[in-house]
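Asker: Those letters in the sequence shown? Residues 1 to 147, per UniProt numbering, in order.
Before anything else, here's the structure in question.
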Amino acid sequence: MSHNAFNHQHGLFTFFWGETMDVEKLSTLHSMEFIEALLTVSAHIQKLELSQTETIILSCIPLFFTDRCKLKCPEKAEEGQRLMLETFSYLLGKMHPEDPMRLAQCLLLFPELRSCSILFSKEEENFTVTWNDKVNFPPLLYELWSP
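Structure below.
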């Protein structure tokens with residue numbers, strides 16, 4: 001879900017095909033805890049007014065957290081994360097030279113992004129448990145949804 005799809009002031013989410021749902025309707029698909037976490041983090045990201053490139057890099061950095069899965073070479077993931085952080089820092093310095101604290105503000109988002117990721121894993125697990133006996137999911141989806 002894109003942070004730009006949320007209107008946190010009015011509690012709305014707009015899907016990429018144009019349909020808009022309020023928080024009440026969205027709660028039929030996801031838990032309120034997950035929705036509120038997404039609204040909060042999206043509001044914080046929107047407040048930073050990042051470019052699309054900056055947002056993409058910011059979103060990719062948490063993918064390289066080494067404690068998320070059983071990596072055989074966690075040092076390679078750490079190196080990838082370090083390179084992305086350097087790139088992100090350089091890009092922010094070029095795009096926002098007047099705001100030297102922007103990197104620090106972005107780094108403060110990582111715990112929120114992590115919380116959303118954990119909540120999303122729970123949402124997917126609940127979805128799988130609910131629909132497991134009704135729909136035959138491909139093995140790849142189970143692998144993607146596993147924590």
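Note that CB positions come from ideal geometry on N, CA and C, so glycine has one too.
1. Once DSSP output is grouped into helix, strand and coil, what is the label at residue 172?
2. Along the chain, where does the beta strand (DSSP E) that runs through Phe65 open and close?
3. Considering Leu109, what are the terminal residues of the beta strand (DSSP E) in which it resides?
4. Spatial neighbours of Phe120 within its chain, please: C-beta separation below 8 Å, excluding the five flanking residues on both sides.
5. Apart from the five residues on each side of it in sequence, which residues of its chain come closer than 8 Å, Cβ to Cβ, to Leu50?
6. For the beta strand (DSSP E) holding Phe34, just list the boundary residues, first then last.
7. With respect to the beta strand (DSSP E) encompassing Thr14, which residues constitute its N-terminal and C-terminal limits?
8. Quick check on the burial criterion: 16 or more other C-beta atoms within 10 angstroms. Buried or exposed for Arg82?
9. Which of the three DSSP states, helix, strand or coil, is assigned to Asn7?
10. How many whole angstroms separate the CB atoms of Leu103 and Leu92, which I take to be in contact at a CB cut-off of 8 Å?
Answerer: The relevant details are as follows:
1. Because the chain spans 1 through 147 in this model, residue 172 falls outside it and cannot be assessed.
2. Looking up residue 65 in the sequence shown gives position 65. Under the DSSP assignment, Phe65 falls outside any beta strand (DSSP E); it carries neither an H nor an E label.
3. As a first step, residue 109 must be located in the sequence shown, where it is residue number 109. Counting along the chain, Leu109 falls outside any beta strand (DSSP E), and DSSP gives it neither H nor E.
4. In the sequence shown, the residue the question calls residue 120 occupies position 120. Only Phe34 meet the Cβ criterion.
5. In the sequence shown, residue 50 corresponds to position 50, counting from 1. Within the same chain, Leu50 has close Cβ partners Leu58, Cys106.
6. Taking the sequence shown and counting its residues from 1, one reaches residue 34 at position 34. Careful: Phe34 lies outside any beta strand (DSSP E), inside the alpha helix (DSSP H) at 32–48.
7. Working through the sequence shown from its first residue, we reach residue 14 at position 14. Its beta strand (DSSP E) spans residues 12–14.
8. Numbered from 1 along the sequence shown, position 82 holds the residue referred to as residue 82. With fewer than 16 neighbouring CB atoms inside 10 Å of its own CB, Arg82 falls in the exposed class.
9. Counting from one through the sequence shown, the residue named residue 7 turns up at place 7. The answer is strand: DSSP assigns Asn7 an E or B state.
10. Numbered from its first residue, the sequence shown carries residue 103 at position 103. Numbered from its first residue, the sequence shown carries residue 92 at position 92. The C-beta distance from Leu103 to Leu92 rounds to 5 Å, short enough to meet the 8 Å contact threshold.
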